[in-house]
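Going by numbering that gives the first Met the number 0, the sequence shown opens with residue 0, and the numbers climb by one from there.
Ideal Cβ positions, reconstructed from N, Cα and C, are used throughout, including at glycine.
As structure tokens, the structure follows; a few thoughts come after it.
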Amino acid sequence: MAVQEPAAEVAESGRASLLYDPKIRALISQVALILLVIWLGYSMITNTISNLERQQIASGFGFLGTTSGFSIAPSLGTYIVDYAEESSYGAAFYVGLVNTLLVAFIGIILATIWGFILGVARLSNNWVIAKLSTVYIETLRNVPLLLQIFFWYFAVLRSLPNPRDSVEFGANIVLNTRGLFMPRPLPEDGMGWVGIMVLIGIVAAFLVRRWAHKRQEATGEQFPVFWTSIGLILGLPLVVFLILGLPLQWQIPELTGFNFQGGMVVIPEFMSLLLALVLYTATFIAEIVRAGILAVSHGQTEAAHALGVRSGPTLRLVVIPQALRVIIPPLTSQYLNLTKNSSLAVAIAYPDLVSVFAGTVLNQTGQAVEILLITLAVYLAISIVTSIFMNWYNARMALVER
């Protein structure tokens, strides 16, 4: 006759078995960790608020609507935001944000182009080109970026002539120590339609490219996608621009006293920062491109040559498309590095987000916590958006099994 165990012993053994269950223990540890993180975050926030109150420092984001009272060097941000000393701290934030996005966007494009050229040149059969590329890459990537920024700013651009002896390039474009001055476009009524036509042309070019790709897969016939896209993106807006009677005026820079007035100026700080970022980042991109090309089997090149394809089209149509699957993931890191390295602009007083918002605005308002949180959030958002786009593009370039 079986002996029944007491109910208390059964319950105790059930609790013991739950504690020895790996899933239950993992769940308990994760919940405990989440609670600890929440408690730490709450403690930091409450301590920060109490410290600010004890030191009688105002908190909140109301300062963004207060008049700034300081000027910002002429830049694309000041042209877009229309900033003046009477503008608010919020307007100063937008100026810095636009300038940061501008130097990052242009820098990524130029660094990618120059990096691809260097990467291909390093694998060139021409001994001189290959060695020159190697020396350039090994030299610039081992020199600190900040030192390169100082070189372009102090040693090169500061040695340019004064405004009265400016270097003229024609078309009312001049270069001097104050920057690169050029005519400024002033749109008039009807110019918005030209912008709409540009967007329509881009969409139409995308649709044409998709149609041409399907047509080539079905029939093997190629369609002049490039020239068709150029005609849609540039030709269509140009026709509308002419029909509307040229709704655009130009403000010409003129020498007045010791400097040029009017027009648009690209300040030396922007040029030196952009040159340093592009030339420095391109060296790392070049090595990524070289590794990607070497990762493609040499048999692919030999097969293309056996079909009578020349070296240029072989590289462009056979090697590079396959190499992109190796190039894109590390390329994303270089794009993120370039964007974050642009914060070194504060060393030469380029009015980017760190210099204007996390520098001047912070010193005037004392809202260190709020300003630094906003600045960190902006750089985090830029990095996340860049990563999402590059991951999407990488997924499109990945091999798909049929």
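Distance between beta carbons of residue j and residue i, contact taken as under 8 angstroms
i, j, result
"Leu174", "Phe168", "7 angstroms"
"Gly76", "Val94", "4 angstroms"
"Ile284", "Leu330", "7 angstroms"
"Glu286", "Ile136", "7 angstroms"
"Ile292", "Val318", "6 angstroms"
Local Cβ density within 10 Å of residue i, reported as buried at 16 or more and exposed below that
i, result
"Asp164", "exposed"
"Ala397", "exposed"
"Pro186", "exposed"
"Tyr349", "buried"
"Ile107", "buried"
"Phe104", "exposed"
"Gln260", "exposed"
"Ile370", "buried"
"Ala394", "exposed"
6 angstroms Cβ shell around residue i - same chain, five flanking residues per side excluded
i, result
"Asn298", "In the sequence as presented, Asn is not what sits at residue 298; that position holds Gly. There are no such residues."
"Pro267", "Leu156, Gly178"
"Leu231", "Gly200, Ala203, Ala204"
"Phe115", "Val288"
"Ile441", "Residue 441 is absent from the structure shown; the chain starts at 0 and stops at 401."
"Pro223", "none"
Contact under 8 angstroms by Cβ, residue i with residue j
i, j, result
"Tyr78", "Ser271", "no"
"Met389", "Ile327", "yes"
"Arg402", "Met263", "No statement about residue 402 is possible, as the shown extent of the chain runs from 0 to 401 and does not include it."
"Thr282", "Arg140", "yes"
"Thr374", "Ala357", "yes"
"Leu276", "Ala110", "yes"
"Gly118", "Val288", "yes"
"Gln147", "Leu278", "yes"
"Pro236", "Val207", "no"
"Asn171", "Pro73", "no"
"Pro246", "Gly189", "yes"
"Val403", "Gln333", "The question about residue 403 has no answer here: the residues shown for the chain are numbered 0 through 401."
"Val403", "Ala90", "Look at the range of the chain in this structure, 0 to 401, and you will see that residue 403 is not part of it."
"Ser386", "Thr338", "no"
Own chain residues within Cβ distance below 7 angstroms of residue i, not counting five before or after
i, result
"Ala367", "Leu361"
"Leu273", "Val102, Ile105, Gly106"
"Phe225", "none"
"Thr359", "Phe69"
Assigned secondary structure, residue i (DSSP; H/G/I helix, E/B strand, else coil)
i, result
"Leu174", "strand"
"Arg183", "strand"
"Asn258", "strand"
"Leu117", "helix"
"Ser87", "strand"
Residue-level contact to chain D via CB, residue i, 8 angstroms cutoff
i, result
"Ile201", "Any reference to chain D falls outside this structure, which holds one protein chain only."
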